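Under our numbering, the first residue of the sequence shown is numbered 28, with each subsequent residue one higher. A virtual CB, placed ideally from N, CA and C, is assigned to each residue, including glycine. Computed from a prediction, not measured in an experiment: that's the story for all the values here. Take a look at the structure below.
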Amino acid sequence: MQTKPDQSSQKASTSKAMEATAMLKADHQLISTLFKEYEKAETKAAKKKIVSQICLELSIHAQIEEEIFYPGVKAVLKDKTLIPEAIVEHATLKSLIAQVEGVEPDGEMFDAKIKVLDEYVTHHVKEEQEEMFPEAKASNLDMVALGEKMHARKQALLAEQA
Ligand SMILES: [Fe+2]
Ligand SMILES: [Fe+2]
């Protein structure tokens, strides 16, 4: 193996921050995958485990958006509709989460609640990715700085849960 020439910038890439919207999209993707896993799960124990992951991921994701991403976007876009609507939708998401978090997956009503949560999240994510994120990216908001702040907050929130 040859010694590489001086390329210290490559070495630092492991800690390279994700852009804010890329980080949020990765969360959306993970949550969507978890909902698909729920549909395939056959035992109560498996369902319960997946639901607790969904609730944790969704709650932390929503909190990071509300604390960091939404205020940043709202300020730079002078937005009066997209962000308030998203916050109202988060409130509905939280009430759906509260109905399934820590509850035994005991039949069709539980499955129905997960299905409705899945559909609601899909609708909310679509609006973020198709309307809010493109506007945010087109603005002069520093997406990398925002992403770094969000990443640090997420790690702190996950540590609290552990
Ligand atoms: Fe959201
Ligand atoms: Fe989101």
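Counted within 10 angstroms of its Cβ, other Cβ atoms place residue i as buried (16 or more) or exposed
i    : result
T41  : Since pLDDT at T41 reaches only 40, below the 50 mark, its modelled position is unreliable, and no value is offered.
P132 : buried
V216 : Absent from the model: residue 216. The displayed extent of the chain is 28 to 189, so no value can be given.
L185 : exposed
A129 : Note that residue 129 is Gly in the sequence shown here, rather than Ala. It counts as exposed.
A39  : Annotation note: pLDDT 39 at A39 (below 50); position unreliable, coordinate value reported separately. A39 is exposed by the Cβ-count criterion.
E187 : exposed
7 Å Cβ cutoff met for residue i and residue j
i    : j    : result
M159 : I95  : no
A68  : I77  : yes
I110 : K101 : yes
G134 : M50  : no
Y65  : I124 : no
I91  : K181 : yes
Bounding residues of the alpha helix (DSSP H) (the contiguous stretch that carries residue i)
i    : result
A125 : L109 to V127
M159 : Segment: none, M159 is in no alpha helix (DSSP H) and carries neither H nor E.
I77  : K71 to I91
F96  : Unbroken run through F96: none, as it is neither H nor E.
G134 : It is not in any alpha helix (DSSP H) - G134 carries neither H nor E in the DSSP assignment.
A53  : A47 to K67
Ligand 1 site residues, beta-carbon cut 6 Å against heavy atoms: A89, E92, A113, H117, H151 and E155
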